Amino acid sequence: MTTSEYNKCVDLWADGVFRFIRKNVMNDEDAQDVVQNAFEVLWKNHEAVNFEKSKSYLFTAAYHNMIDFFRKHKRTSYVEEMDEGAKGGSAELQVGVKEAIEEALAKLPEIQKNIILLRDYEGYSYDEIGEILELSASQVKVYIFRARQTLKNYLVSIHHLI
Amino acid sequence: MKININNYEEWMVDHLEGNLNPEQEVIFQKFLNAHPDLKSEMDAFSNTVLMPDMAIVHPNKEALKKKESKVIGLNTYFRYATGIAAALLLFLAARFIITDYSASTGEIYSAEMERPELEIKSTIVVDTMQKMEKTIVAPDVYFADTKEHKGAEKNMLKKDNSSPFELYQREMAETEQIQFAETHSIQMKPYRARLKVTDFTSEYAEIYRYHFDNMMKETKEQPSFVDRINNTMAFANEVGSMIGLNKNQNTDDLNATQEEKVRTTSIKILDIEFYNRRKINQ
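Protein sequences, first through last, are from chains A and B.
According to the working numbering, the stretch in the first sequence is residues 1 to 162, in order.
According to the working numbering, the stretch in the second sequence is residues 1001 to 1282, in order.
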C-alpha cells in the first residue's frame, strides 16, 4: 500500500473505526487515542498490507488496541456509569426505540456488542467479523442470534411496560 | 430444519440477516402469515438492527495522515551558457541498470536508465550562489567525458585553472531550479546513457556527473537552497558508494576476463529504489 493509499484509508475509514471504538470506550479522547494507535499500526505495516485488506486490518488493530486500553484502565468506572444510565433509562416510559436499543446494546456482553456493531455499522460478513475478533464464522452467527434475541426481548419488555 | 413455534426466532434472525434462501423465505412468510401474533416480535427483531450515528465522525482525520514523499530535482548538467535563462528539461534521478560492457568499443558501461522528467524554468540569484560557496564542499571531479564535452574537458583541465567547484558554480549560476513534485506523479522516460573512458579520472568524473544529474532528495521541511545542495551532494555520494560505483570495484569488474556472473543489487534510499546489475568475477 502506498502512502497515498494509506491516506485514502484515513479518509474512508477513520469515521467508521472511530464510531466503532467510540461506542465502546464512551468518550472522544480515549476513542481518538485508540484509533490513532490503530492507524499507527497500519502505517507501520503499510508496505506489507494490501489496500484491499486494509480495512479489516485497521479494525483488527483497533479492536486489539481497545482490549489493551480496557486492560490498562480496568474499565470499572465506565461499566458502573452505564448500568446507572440503563436503569434510569428503563424507568423513563417515554423512551424511544432508538434509545432503548442503545441501552440494551450497552448491556450486552462485550463480544456480542462488538459483533453487532461490526455487522450493523460496517456491514461486515460473518467471516470478516470472525477474522477481526478471532472467532469462527459459526460462532459469530450464534452470537448474532443471541444478541438480537436479547435486544428483541428487551424491546418487547419495554413495549409491555409502556 | 423446519420452522415451528419453538425455533421461529432463529428463522426471524436469519430472515433479518439475509441468510434465508428464496425457498426458505417463502416457508418463513407462510409461517408468519399463519401466526399473526408473532408479527410484533418480528418487528421488534427488525428494530435490533442498529443504524450508525453518522454525526459521530473522527474529529481530526488530517492528523492521522502521512506526508507523501516529495522530490527535489537539482540540475547540474554541464551547459555552455548563453546567459539567457532558458527553459530546460530537468531530469531527475531514478534508477539505472548497468547492462553490459563492451571493451572493444571502449565503452565501459552503457546504462539503461529511467528518469522522471520535469520541465521547469527558473533562475538563481548570484547572492545565493555566493552564499553557497561558503557553505558547501565541491566534489573533486571534472565534469567532462563524452565527445561533445571533450572541448570543455580540455579547457577545464589545461587552460582553465578554475577549481571544480568554480566550474560547477559557473554552470549552476546560469539557470537552476528546484521544484517539488510527488514522486509517483512524475512520468518516467527511458533512455540509454553510455560512458566511454580513457582514464579513470574521467570515468570517475562521469560517475559523479551522472549522480549529480540524478540527485533526488526527499524533504519534509523547507530547507534553504544551500541545505538542499548539501543534502543532494551527500546523497549522491552515498548512492555512489552504496551501489558500489567506486573506483576499485569498477577496475576489477572492467578487467573481468574470467567467467562472469551477474549480480543484481538494489538499494532504497529516500523512497527511490536503485538497481545495479553488473557482471562480476566469479
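The beta carbon of each residue, even a glycine, is placed where N, CA and C say it ideally should be.
Fair warning: this is a prediction, and the values are worked out from it, not measured in the lab.
Along the segment 1034 to 1046 of chain B, where does the CB come closer than 8 Å to a CB of chain A? Name the residues.
1040, 1041, 1044, 1045
Here's a check: name, in chain order, each residue in its chain whose Cβ is nearer than 8 Å to the Cβ of residue 10 (chain A), leaving out the five neighbours to either side.
39
For residue 14 (chain A), go through chain B and note every residue whose CB falls closer than 7 Å to its CB, in chain order.
1058, 1061, 1064
Residue interval of the alpha helix (DSSP H) (run including residue 1027 (chain B))
1022 to 1034
Please classify residue 19 (chain A) as buried or exposed, where buried requires at least 16 neighbouring CB atoms within 10 angstroms.
buried
Is the shortest distance between the beta-carbon of residue 1052 (chain B) and the beta-carbons of chain A less than 8 Å?
yes
Within the continuous alpha helix (DSSP H) that includes residue 70 (chain A), where are the two ends?
54 to 73
So with Cβ pairs under 8 Å, would you call residue 1023 (chain B) a contact of chain A?
no
Could you list which residues in chain A have their beta carbon closer than 9 Å to that of residue 1032 (chain B), in chain order?
None at all; the shortest Cβ gap to chain A is about 15 Å.
Could you give the first and the last residue of the continuous alpha helix (DSSP H) run that contains residue 126 (chain A)?
126 to 133
Can you tell me whether residue 138 (chain A) is buried or exposed? The criterion is at least 16 other CB atoms within 10 Å of its CB, across all chains shown.
exposed
Given this structure, state the Cα-to-Cα distance separating residue 72 (chain A) from residue 127 (chain A), to the nearest angstrom.
29 Å
Enclosing alpha helix (DSSP H) for residue 116 (chain A) [first to last residue]:
110 to 122
Just the chain A side, please: which residues come within less than 9 Å of residue 1020 (chain B) by C-beta, in chain order?
By Cβ distance, chain A contributes nothing, its closest Cβ being about 13 Å from residue 1020 (chain B), past 9 Å.
Exposure label - residue 1005 (chain B); buried when at least 16 CB within 10 Å:
exposed
Is residue 16 (chain A) buried or exposed, if buried means 16 or more other CB atoms sit within 10 Å of its CB?
buried
Test item: CB-CB of residue 1041 (chain B) and residue 152 (chain A) under 8 Å
yes
Would a check of beta-carbon distances place residue 1049 (chain B) closer than 8 Å to chain A?
yes
Burial state of residue 1012 (chain B), where buried means 16 or more other Cβ atoms lie within 10 Å:
buried
Does any C-beta atom of chain A lie closer than 8 Å to the C-beta of residue 1083 (chain B)?
With a pLDDT of 21 at residue 1083 (chain B), under the threshold of 50, the modelled position of this residue cannot be trusted; read the value that follows with caution. No, its Cβ sits nowhere closer than 8 Å to a Cβ of chain A.
Near residue 143 (chain A), what residues of its chain come up, given a Cβ to Cβ distance below 7 Å and the 5 sequence neighbours on each side ignored?
111, 112, 115
Euclidean distance between Cα positions of residue 84 (chain A) and residue 44 (chain A):
Its pLDDT being 38, under 50, residue 84 (chain A) is placed unreliably by the model, and the measurement read from it follows with that caveat. Cα-Cα distance, rounded: 40 Å.
Using a Cβ-Cβ cutoff of less than 6 Å, which residues in the same chain neighbour residue 94 (chain A) once the five nearest sequence positions on both sides are dropped?
Only weak support exists for where residue 94 (chain A) lies, its pLDDT of 44 falling under 50; the value from the coordinates is given anyway. So no residue of the chain qualifies.
Could you give the C-beta distance for residue 132 (chain A) and residue 119 (chain A), rounded to a whole number, given that I count them as a contact under 8 Å?
That belief does not hold up - the Cβ atoms of residue 132 (chain A) and residue 119 (chain A) are roughly 11 Å apart, past 8 Å.
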